[in-house]
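A.B. asks: Structure in structure tokens, see below.
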Amino acid sequence: MKWGLSSKEWQVLKNLHGQHFEARIAKLETYINATNGQTTALAQMMRHVPSNQFDDLFRRIDDLTPDVQSTFFGDYAENVDLVKGLGKRPGLVDQIVNDQIYLDRFRIISQSGIDAQKWDDPIFAITDINKHDMTLLSSKMGGELPMNASIFEELVMTNYLASRRPFLEKTAFGVSEEGFKILISKLHQYSRKIGLPKEGELLTKIQPGAWYSRFIDKNGKFIKEVNAGDYNSVAGFVGRGEYFEPKSIRQIMEEFRLDYNGKPYDITDDFYVVIKFKNDDPSKLRFTYDVEGNMHPKHSPMCNTGFAGSKSSLKPEYEFKEGMSRIYKEGDILEFRSGTDGQLMVKYKFIKEDKSWKIIE
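Heads up: the sequence shown begins at 10 in my numbering, then just goes up one per residue.
Structure (structure tokens):
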């Protein structure tokens, strides 16, 4: 058995790579011999990296210094889920080596195995970067901070790791306090450049459909007019309206980091609710972090970065200051959206005079 593979498994790899098989095997074995890496890494890469991406992969690996090559094959290529991510984005090689602290993050994940054990999806299951959000973020930089696809991807993954910080604390996995603060401060730079929402800007807040059961009658129909009652104000975490895109509840939970422990959301929910309102008092809002690199004392799964902890995007988030909220005003909107695809099911408008929500669409 070569590389720990049976003859049948070996034949599968030959079929995947065709005429390039022998040359690629020889090239990969050269890397392994030079770095004392494990041969299981070679099998994973041959199995999961698409054949048409190997030339680009070799070019990137050849550019690495010997010590970084050794780290790459020792800590990165051994992890099946991370190699699958590499197969979808060869540029990950560049990202892990451009920043030694970032490389340490991957080392931590590889050693901990948390990606496969703690969440439904592997850490790189969602690999399609949200170009809508990247364009928005770039437009707000004004040329003062760099922004391109590679930088955006690096920020996204750093932010995502920060959202999973309970599994990455220095006491458990050897993350240095200095390294953690450098990673977080990078994101703070971009958060501050975007700034707090200005007066008149549209804000949004997503809430679970289960909290709005009294908007539906016993026959499952939406009630035309509902007395506001407890639905009279908004508080807690909010986002910018321009960053909301109608999507399924599964995608919304991931992009806005709503899949935390004890969450009131479920991927099988029939609908979710989006509150839309104008920012009429900017002084009530704050960034979702206090001190460089320090974890937020109260909330989980806050990243302490100024962004929701998505695997595919950077969505700025803010928080109403403690004890503050915004009373609903004339024209505020409640959108009930399908959990399947995010399509609008019904829209309510707040009527101040009646203190009620009325269907307008």
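Every residue gets a Cβ at the ideal spot worked out from N, C-alpha and C, and that includes glycine.
Only a predicted model underlies this, so the values are computations on that prediction, with no experimental measurement involved.
Tell me the rounded alpha-carbon separation between K214 and N288.
C.D. replies: Approximately 12 Å, taken between the alpha carbons.
A.B. asks: Between P217 and G351, how many whole angstroms is the CB-CB distance? I'm expecting something under 8 Å.
C.D. replies: Not really, about 15 Å apart at Cβ, beyond 8 Å.
A.B. asks: Given a cut-off of 7 Å, decide if G248 and E377 are closer than it, judged by their beta-carbon atoms.
C.D. replies: The first residue shown for the chain is 10 and the last is 370, placing residue 377 beyond what the model contains.
A.B. asks: If you draw a straight line from the alpha carbon of L267 to that of H26, how long is it in whole angstroms?
C.D. replies: If I take the Cα positions, the gap works out to 40 Å.
A.B. asks: Does DSSP put S322 in a helix, a strand or coil?
C.D. replies: Residue state, collapsed to three classes: coil.
A.B. asks: For Y40, write down the residues that DSSP places opposite it in a beta bridge.
C.D. replies: Answer is none; Y40 lacks a bridge partner.
A.B. asks: Using the Cβ count rule (16 or more neighbours within 10 Å means buried), how would you classify L28?
C.D. replies: Rather than Leu, the amino acid found at residue 28 in this sequence is Gln. Per the 10 Å Cβ criterion, exposed.
A.B. asks: Just verifying my parser: in three-state terms, what is the DSSP assignment at P371?
C.D. replies: Nothing in the structure corresponds to residue 371, since the chain is present only between 10 and 370.
A.B. asks: Rounded to whole angstroms, how far is the Cβ of E264 from the Cβ of A317, which I believe are closer than 8 Å?
C.D. replies: So it is a contact: roughly 7 Å between Cβ atoms.
A.B. asks: Give every residue of the same chain whose Cβ lies closer than 6 Å to the Cβ of F253, excluding the five residues on either side of it in the sequence, and list them in chain order.
C.D. replies: So the list reads T213, once near-sequence residues are dropped.
A.B. asks: Run the CB neighbour count on D72, radius 10 Å, all protein chains shown included, and call it buried at 16 or more, exposed below.
C.D. replies: By the neighbour-count rule (16 or more Cβ atoms within 10 Å), D72 is not buried but exposed.
A.B. asks: Tell me which same chain residues have a C-beta within less than 8 Å of the C-beta of L14, skipping the five on either side of it?
C.D. replies: So the qualifying residues of the chain are L22 and A52.
A.B. asks: Would you give the residue range spanned by the alpha helix (DSSP H) that L154 belongs to?
C.D. replies: Counting along the chain, L154 falls outside any alpha helix (DSSP H), and DSSP gives it neither H nor E.
A.B. asks: Which residues share a DSSP beta bridge with W366?
C.D. replies: Answer by DSSP bridge pairing, in chain order: V235 and F359.
A.B. asks: When the Cα atoms are used, what is the spatial distance from F224 to A171?
C.D. replies: Those two C-alpha atoms are separated by around 37 Å.
A.B. asks: With the cut-off set at 7 Å, would you say D65 and L323 are in Cβ contact?
C.D. replies: Their beta carbons are not under 7 Å apart, which means D65 does not touch L323 by this criterion.
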